[in-house]
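Protein chains in written order, with the working numbering: chain V, 1 to 376; chain Z, 377 to 698; chain F, 699 to 933; chain H, 934 to 1188; chain X, 1189 to 1473.
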Ligand SMILES: Nc1ncnc2c1ncn2[C@@H]1O[C@H](COP(=O)(O)OP(=O)(O)OP(=O)(O)O)[C@@H](O)[C@H]1O
Ligand SMILES: Nc1ncnc2c1ncn2[C@@H]1O[C@H](COP(=O)(O)OP(=O)(O)OP(=O)(O)O)[C@@H](O)[C@H]1O
Ligand SMILES: [Mg+2]
Ligand SMILES: [Mg+2]
């Protein structure tokens, strides 16, 4: 829309590099939905104003199928053909390679990384913003919840691949550090495995109290179901990629008893009032339940627009990156946007959004307190 | 005279291809096209390598995706972790790939036909799993960065490097298949038992072809790393073996132009129809089916046949006129 | 019984049969002579439906068959023992023979009887009944091919060089067998390199050259013809 | 005359079947030896054993005193024995002259580096190959077909090409398995003449045939097999009159 | 000991699924010589059919099995007719390219229509215990059902006239036509049987997992390996190979490493082929 100002009106293109085909297409679409909702809202309000110029936004999506080689090509195409310099990317394995090319002189772009893998841990990228909290923040609470239930022996059956392995090793260190014992390990490739029984029987043979599992939600649900089918009575520690509410849809709450993981998104309304409206808005528009991906990306985009305003630029990516740290931005909290936000870790580029754990007790998700990990 | 005409044609073609970046480099979107062309040429080198072992020697290797990845990683590791200059690194990477290819060939070339295809496919799956799990080797999620010297920073510079190697690869393949050694390769493709009966050591010949082929695909891998600047384990995926096979057969196996035409054509097509989202695979799939049904020898093979047919027709009318 | 009328065939770009007309009466034993590449095998293939003629008609017992598929023609009672044998190399001898009787699946006991007759004709086939056809020696395969084409109890039997690769004794036996089969009421069309042997058992013959019929006549006429003598009988 | 090839107690079993049973014979250089016998007597198997495509269970094959038992086919070929197959084997989709280039390959040494750098050796050998190909094309009367794919040749030309491919490698001994199978009368004469010429050019010939008239005129020496056992050998006349050969194979003596 | 036994049973159950898919593939790949890489995607279509018939149509599971077999055989015949028959007489590897094309088309189509993974309920949602083994009844159905269909197929191919005709046709088309076999009908029949077997596998396995567009892609890879390891065209080989791979995987997970189970399983298969270059049952070259 034309912002109604006196000056000219310019459309700013934003790139999305996500899996929009193949196994993870649904995931990519959730991300896309969040950005779209934010863009529509901003555009409907007349866009953002910098100086005399009004800026509206347009999303350009490109399917990378989670293939890094493809993601790199897409990023180059965005930058060179579309003149885009802000690229959203929601998968750790495709963000990594892009971190190698986004600072090239004349072709800079800002990566809006939606990943809980602290990729910046091995060297920060000056042009990257990371949205969801790093996964490691949940561990202390999860371990406490688990051991509080008397579960000291864990069997590990999380997804394979670099992401799963990173999760696994981080978890294992924390778990044994807290005095727990890892009795068996049989990770499986959640993207290709359709039957987890052989892995499960192997792990269950060691009599674990709790299983460390997780990958995409659907196969994770299958693991839980098959574990129950094999007579496993204990709990589950579910890594953050899997969404407990989606899993519950498939397995029912009974099978989920004792599951520990990330709080379902709708329960976020307990802490952030704006979530209630947002959830409804999403359901009206898309006809299904909202996900964390959508809520966080929506919030992330809103913050991005504020950062642009603070930087007084839509294309100077260094200034925009700096704009995130600007005082104007960090006032935003769960009152206005569905997810709480308290600024940015200026060194790593991580947005300070809290994460919240939950445990299923007596058939309900019992929420923990939002973890303000940057304060720990 | 006719021969000179042919060479003049090739020379003209090279000149045109060499001039392309001058035009494209003026705009940012042109730069992207340069990049797409460069990638297409890298894949073309890989397809040429498959052409040697499959097209000319008749052994369908489904491990070339793995070898491409091995070449790429070898190059990346030499440059980034060992700190070798890129040119010796490129040669070393190709040599290592060739050596590993030979090791793989030793057991697998004892098998023939579909058995060989499946053994090499199994090998590719194994390599993929190993790279996926050995994060110390593959670099895990962050992958393996590959820093290029500043004179290769510009896309057009890499374009010329790759173009040079592509021409070299075509020349090498041409030299081989037109030589007496090449006649041994072709003999095995045509009739392995008879080749043995006329004194050709088929195992050694196949092994040589496979090793040379792996050298070439290792080179393509090194160039891949050079162009991308960043690697990750998915480059060893067997899907790439399938893609190489597709490029080769759609272009035309056992021809020198086929691999290049097929690769550049299909790679470009896939890039251009990216905008339509997932349905591009639907279109791509249909194209594969239709092309293979109507051009069983690939595009270049089909064109050649048509050309020969047209020529004969011409001569025949010529005869009538006399 | 069989009538070809101005039949033309093209394989690829070559005209292999150009204007062949011939008649074979019920109960006849007719032989087809011709040099290599004259088109004998192509003619057999055309009759049995493996090649569709580009022009002309073929009638079997008054019914046009030139547009029919091979399997339909077999059902009508025309069986070809082809050049190159076309056996099923990884099936046993017995199964090869049983497949020969594919069209006669309703007549179990009859087929069993035919099988016994063929075993009597070629005892080696019974001895090796379970050996895979592909591992048989060249001559053994030829016997099997003839046996298989007999299994469907044809009324018209087409034999394309049945003596190919057979030892002299067996050739003699085969010729006698063919005569016997013919006497039993089966019409036979036979092509042979060994012209004198073929003419000695047949009643009539045709000579094929470059896809044309250049000579026809009774066996005795042909055997006496100077050109035939020179080209196909020798000495 | 000196002995070129000696076969001693050669035996091959397939399951319970003894396809070749303790066969002994010698082939003297410069001769034409014929192997005859009923179908399934083990003739082709014998060739396969000598040529190395199957390994014998027992026995020994020596070429000029050198033990070649169990060698791989390509080694046997390089050692000096080439062959043709009962069902004609050719490089079918390749032109006739390329078939011959391949046949000549074992007489050339140039490898990868010669190919890449086009070394003097590569050049020399290419020339040499071309010369040999032209010569053999002429020798076997195939010049008119030189550019045609081998598979499209007429039957009898294919048979001659198979012989040509075997000859161009300059063997000491060629094994011909039914070189005139399925070939007409006139053409058979052509092939007989060709075999004579081969012998005249100094190459020893061993041939499997069922055409007795041809054998009687051509062969210096005949070996008769039955059920894998050698039942007779000697000059054509004596073998032809041998009662066991007549009973098992000929029915009557043709000569 | 009971753990080992347990793992063996699971291996056999995994293998049952492999065998059913591999047997169909032996017919198409080993016998007809078509690199039908889309066989796994026919399996996927079979699972969707089950969803439609059973979940949407409310039909009884066992009746649904029959319907799915019938419907999928028709689909198989259509694929043969439309894609592979025009390729007859071309180099074998060309069918591989067509198959990849088919895979892309089928997968995109299914995902375009229904992007979400689906569930199918188990016909008998119970567990059973036996000799210290505790598992779902459905797994027993897979194991026993596979055996039944394996026997049926064996009897059909080896004992019936039509079965032998299929084998004959695959070995020499011209020869087959000359004895009166309708070769086109036989190819179609082969595809029908092979895809019906894929439907059986899909119907048995679907209640244990998700129905999703990509469910067949890994399976078909394994099926190809099995067919080749067993020896091309050898049914015995496909059966042995299928169970072998299933058990190898289950044992590799238990005793070696689950992350490397494919490395181990495929490694063993490479060794097998290095020892027997034409498969365990020495199929044809
Ligand atoms: N598939 C084919 N492609 C091209 N030409 C063919 C084909 N089949 C046969 N011909 C040609 O057709 C002509 C007739 O061949 P045909 O096999 O019918 O002859 P024939 O009389 O049976 O010879 P022979 O005695 O060698 O068996 C020959 O010139 C042959 O080259
Ligand atoms: N691979 C094999 N397996 C089993 N039996 C075999 C095999 N190869 C050959 N035989 C048998 O060995 C015997 C000898 O076969 P061979 O081919 O040597 O006969 P031949 O003398 O060449 O006969 P012909 O004149 O008919 O060609 C035959 O009975 C054949 O069936
Ligand atoms: Mg013929
Ligand atoms: Mg023989």
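No residue lacks a Cβ here, since even glycine has one placed at the ideal position from N, Cα and C.
Shown here for residue 1219/X: same chain residues with a beta carbon closer than 6 Å to its own, the five before and five after excluded, namely 1358, 1421 in chain order.
Residue 889/F: not part of any alpha helix (DSSP H); member of the beta strand (DSSP E) spanning 885 to 889, first to last residue.
Bounds of the alpha helix (DSSP H) holding residue 1122/H are 1118 to 1133. Our two residues, residue 817/F and residue 760/F, have alpha carbons roughly 34 Å apart in a direct line. Going by DSSP, residue 239/V is part of no beta strand (DSSP E) at all; its letter is neither H nor E. Contact between residue 1289/X and residue 665/Z holds, with the beta-carbon distance rounding to 4 Å and staying under 8 Å.
With respect to the 9 Å criterion, residue 66/V and residue 34/V are not classified as neighbours on the basis of their beta carbons.
Between residue 756/F and residue 825/F, the C-beta spacing is not below 9 Å. Distance check between residue 31/V and each of 321/V, 196/V, 297/V places 297/V closest, using alpha-carbon atoms only. For residue 347/V, the three-state secondary structure derived from DSSP is coil. DSSP places residue 55/V in the uninterrupted beta strand (DSSP E) bounded by 53 to 63. For the region 944 to 1017 of chain H, the continuous alpha helix (DSSP H) assignments of 4+ residues that do not extend past its boundaries occur at 976 to 984, 1006 to 1012, in sequence order. Cβ atoms of residue 462/Z and residue 455/Z come within 8 Å of each other, at about 6 Å. A residue is called buried when at least 16 other Cβ atoms come within 10 angstroms of its Cβ; residue 1070/H meets this threshold and is buried.
Taking each of 910/F, 892/F, 911/F in turn and checking the Cα distance to residue 927/F, the smallest one comes out for 892/F.
In summary, the residues of the region 573 to 594 of chain Z whose CB is separated from some CB of chain H by less than 8 Å are 573, 574, 575, 576, 577, 578, 584, 588, in the order they occur in the chain. Taking 8 Å as the upper bound for CB-CB distance, residue 780/F and residue 830/F are not in contact here, some 19 Å apart. Residue 1182/H has a beta carbon lying within less than 9 Å of a beta carbon in chain F. What residue 1028/H touches in chain Z, judged by beta-carbon distance under 8 Å, is nothing: the nearest beta carbon there is about 11 Å away.
In the displayed model, residue 273/V falls within coil according to three-state DSSP, outside both helix and strand. In the DSSP assignment, residue 142/V falls within the alpha helix (DSSP H) that extends over 139 to 148.
The alpha-carbon separation between residue 452/Z and residue 27/V amounts to approximately 32 Å.
By the C-beta density criterion, residue 1270/X is exposed, having fewer than 16 other C-beta atoms within 10 angstroms. Look at residue 1143/H: its beta carbon is less than 8 Å from one of the heavy atoms in ligand 2. By the Cβ-count criterion, residue 1208/X is buried, with 16 or more other Cβ atoms from all chains shown falling within 10 Å of its own Cβ. Residue 590/Z is a Cβ neighbour of residue 474/Z, given a cutoff of 9 Å. Sequence-distant partners of residue 374/V (beyond 5 residues in either direction) whose C-beta falls short of 7 Å from its own C-beta, in its chain, are 345, 352. Taking the Cβ of residue 858/F as the reference point, at least one heavy atom of ligand 3 falls within a distance shorter than 8 Å.
What residue 126/V touches in chain X, judged by beta-carbon distance under 7 Å, is nothing: the nearest beta carbon there is about 35 Å away. Taking C-alpha positions only, residue 582/Z is separated from residue 398/Z by approximately 42 Å. Residue 359/V: member of the beta strand (DSSP E) spanning 357 to 361, first to last residue. Using beta-carbon distances, residue 1309/X does not count as an interface residue toward chain V, since no partner is under 9 Å. Ligand 4 never approaches residue 793/F closely enough for any of its heavy atoms to be under 8 Å from the residue's Cβ.
Scanning 50/V, 17/V, 237/V for the CA closest to the CA of residue 10/V turns up 50/V. Cβ-Cβ distances below 8 Å link residue 1286/X to 1271, 1272, 1275 in the same chain, with the five nearest sequence neighbours on each side left out; the list follows chain order.
In this structure, DSSP gives residue 473/Z a helical state, which the three-state scheme calls helix.
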